[in-house]
Structure formats: C-alpha cells, structure tokens
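Asker: Numbering (the working numbering) for the sequence shown: 2 to 331. Glycine is no exception: its CB is placed at the ideal position from the N, C-alpha and C atoms.
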Amino acid sequence: MRRLSVAIESWPIAGAFTISRGSRTEARVVVATVEDGGVHGRGECVPYPRYGETVEGVAAKIESFGEAIAGGVTRAELLTLLPGGAARNALDCALWDLEAKLAGKRVWDLAGIAAPQPATTAYTLSLGDPASMEEAARAARHRPLLKVKLGGAGDAERIAAVRRGAPNAALIADANEAWNDAVFAENLAACRAAAVSLVEQPLPAGADARLADVADEDRGSIRFCADESIHTAADLGQIAARYQAINIKLDKTGGLTAALELKREALGRGLSIMVGCMVGTSLAMAPALLLANGADYVDLDGPLLLARDRDPGLAFEGSVIGALPSALWG
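(1) Give me the residue from GLY314, ASN169, THR254 with the minimum Cα distance to PRO84.
(2) Specify, as a first and last residue, the run of the alpha helix (DSSP H) that ALA157 falls within.
(3) Alpha carbon to alpha carbon, how far is GLY281 from TYR49? Give it in angstroms, no decimals.
(4) I'd like the list of long-range same chain contacts for VAL56, defined as Cβ closer than 7 Å, with 5 residues on each side in sequence excluded.
(5) Under 9 Å, do TRP97 and PRO288 count as touching if we go by C-beta distance?
(6) Do the CB positions of GLU201 and ASP236 come within less than 9 Å of each other?
(7) Looking only at C-alpha atoms, which of ARG107, VAL7, PHE225, ILE20 sits nearest to TRP330?
(8) According to DSSP, which residues form a beta bridge with TYR124?
(9) Counting pairs of beta carbons, one from the segment 265-276 and one from the segment 75-89, are three or more of them closer than 8 Å?
(10) Using a Cβ-based criterion (distance less than 8 Å to any ligand heavy atom), does LEU306 qualify as near the ligand MN?
(11) Select from PHE225, ALA101, ILE249 the residue whose C-alpha is nearest the C-alpha of VAL299.
(12) Rounded to whole angstroms, what's the CA-CA distance from ALA1 to ALA293? Just pull it up for me.
(13) Give me whichever residues DSSP pairs with HIS41 in a beta bridge.
(14) Identify the residues that DSSP records as bridge partners of TYR244: which are they?
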C-alpha cells in the first residue's frame with residue numbers, strides 16, 4: 002500500500018529576493034513523498050500568497066490526500082479532485098517520480114516526450130533602486146539572459162540602469178502586475194529603448210485588456226508574456242489576444258501532467274513558451290525541465306538564487322542547466 006508523507010522545508014536565499022509584492026530571505030517549500038514498497042517518489046511545491054496559498058494550508062491539503070494515495074489515486078484522477086496550484090503540483094510530481102522508479106524508466110519515456118537537453122536559464126535580478134540594480138546587472142553581465150524585476154513607478158530608470166550594467170545581455174522585464182495606465186506608456190518606451198525582448202505581466206490579471214490594443218508596429222520587437230493571467234489550458238481563450246507568450250509554472254498548472262497539456266495547446270495557438278518557476282530547490286526545477294525542449298525562454302534559476310541547494314541537485318555551468326540526475330527526480 003502506498004503511503005504519503007509531507008514536509009515543510011526552509012532554504013535560505015543568497016541575500017534577498019525582491020519583487021513588486023515584497024521581499025524575502027528564505028524559500029519555504031512543501032515536499033510530498035509517496036512511498037510504495039520501499040520506493041520513494043518526491044515532488045516539491047512553493048505555495049504563493051498571491052493565489053491565496055500558505056505553506057501550512059498547502060501542506061494540510063496534501064496531507065488530506067493520504068487515504069486517496071493509499072487507495073491508488075492516479076495523476077489523471079488528481080486533475081478532477083484538486084484544482085491547479087501548489088498542492089496538486091507536489092502530488093502530481095511525486096507520482097511521476099514514483100512511477101518512473103517503479104518502472105525503471107525515466108519520466109520523459111513514460112510521458113512520450115524527448116529527453117531534456119541542456120538549457121540556458123534566465124538569471125533574475127531583484128527589484129531595487131536603479132543604482133543597486135545597475136550594480137547587480139554588472140555583476141551578472143556575463144550571463145546571456147537576465148530577468149529584471151520591476152515595480153511600477155521608476156521602472157524607466159531601473160531598466161535603463163540594468164542596460165548600462167549589462168550592455169550585451171538579452172533582457173526580460175517582469176513587472177509582476179505592477180504597472181498601471183499612468184506609467185504604462187513610459188515604461189514600455191523605456192523597455193523598447195533598452196532593447197528588452199519580452200515584457201512579462203505588466204498589468205494586473207483581469208485588468209490587462211489594454212495589451213490587445215498595442216499593435217505590432219507600436220510594440221516594435223517587444224512581446225508580452227502572461228504569467229499571473231495564465232494558470233492552466235482553460236485560461237488560453239481569455240489571454241490569446243493580449244499576449245504573445247505564456248509563462249508555464251508547475252505551481253500554477255498544478256503539476257507536470259497539466260503543464261504538458263498547457264504547453265501542447267499553447268503551441269497549437271502559436272504562442273511562445275517560457276518555462277518558469279518560483280524560488281525553490283532543484284527538486285522543484287527538475288520536472289519543469291521536461292518542458293524546456295522547444296521553449297523560447299527558460300527561467301529555472303531558483304537554485305542559483307539560494308545560498309545552498311539539495312544534494313544531489315541540478316548541475317549549472319554558468320547559466321546552462323545540465324543533465325537531470327535520476328537520484329534527484331524522475
């Protein structure tokens with residue numbers, strides 16, 4: 002009989018991680034472990050207050066599925082029993098890991114997809130004043146792709162400062178819903194002047210209709226990427242006219258099973274793909290790495306932002322993520 006266990010873990014961040022909604026110095030994650038005959042499958046999730054989640058609440062929700070896990074609940078059944086979110090992500094990924102180990106195969110073979118290849122991840126610069134962000138950009142200027150956290154007012158100065166600090170890096174600007182009508186035009190112009198290639202979730206989810214009115218010729222080379230506006234494939238119809246790309250995060254889709262469906266349907270609609278993450282360990286990044294093949298952007302730098310990672314973890318050579326160790330996941 003299968004048994005479920007749940008653990009809350011804290012992993013220190015190297016310094017602080019700051020976005021428009023606040024700052025933190027540790028990543029608190031929830032790990033679900035499903036055991037079957039001495040074989041263990043693990044899944045890590047990062048509950049997010051923006052979506053009404055708490056670490057304790059998500060852990061309790063996962064624990065409530067102990068009987069269902071013991072009864073052999075499947076990943077397909079989880080899709081109907083739990084909504085998308087962190088709790089389902091941890092359970093879904095734990096079951097994928099367990100199934101692969103019991104079958105003696107890698108997860109991508111079970112999923113019928115290609116094995117993940119080395120992928121270049123974005124590296125995130127936290128929100129700060131222009132001077133500190135320029136300094137951070139200069140320290141990371143050797144990285145090919147930087148993701149710049151923005152905060153609304155003052156973003157024009159921030160993005161210009163980052164470009165001075167990292168003149169050759171490709172840039173993604175991520176406002177985390179912090180822009181409004183008062184700053185939208187100015188900030189977009191600053192992104193264009195700095196040759197930003199992608200602007201992620203500039204306006205709040207549900208208040209982003211304006212993006213549909215930004216014509217291609219006005220946008221120039223800049224594209225908009227949905228993050229908070231897209232969770233599962235069911236949201237695609239609402240955002241397709243406003244965005245040209247979507248950020249797929251397992252903690253939003255509720256696991257790899259739903260994320261694979263979202264990727265397939267988004268590609269069918271001609272949308273570009275970013276594979277993203279919350280700040281977590283390599284255990285959270287590992288299943289997301291299966292989505293990286295064919296993605297336009299990979300943003301799986303969670304372990305790079307931590308003071309320490311799991312052992313074994315993913316191997317990073319600069320910004321390049323190497324092979325996925327079976328001892329870690331999958």
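Answerer: On the basis of the coordinates in this document:
(1) Restricting attention to GLY314, ASN169, THR254, the CA atom closest to the CA of PRO84 is found in THR254.
(2) Start and end: 156-166.
(3) Rounded to whole angstroms, TYR49 to GLY281 spans 12 Å at the Cα level.
(4) Contacts found: ILE9, ARG29, VAL31, PRO48.
(5) With respect to PRO288, TRP97 sits close: the two C-beta atoms are nearer than 9 Å.
(6) Taking 9 Å as the Cβ cut-off, GLU201 and ASP236 do not qualify as a contacting pair.
(7) Looking at the Cα atoms, ARG107 is the closest of the given residues.
(8) LEU147.
(9) Inter-segment contact for the segment 265-276 and the segment 75-89 is absent: fewer than three beta-carbon pairs are separated by less than 8 Å.
(10) Ligands are entirely absent from the displayed structure, and the ligand MN is therefore not among its contents.
(11) Ranking the options by Cα distance to VAL299, first place goes to ILE249.
(12) Any question about residue 1 goes unanswered here, given that the chain covers just 2 to 331.
(13) DSSP output for HIS41 lists GLU36 as bridge partner(s).
(14) DSSP, once it has assigned bridges, lists no residue as partnering TYR244.
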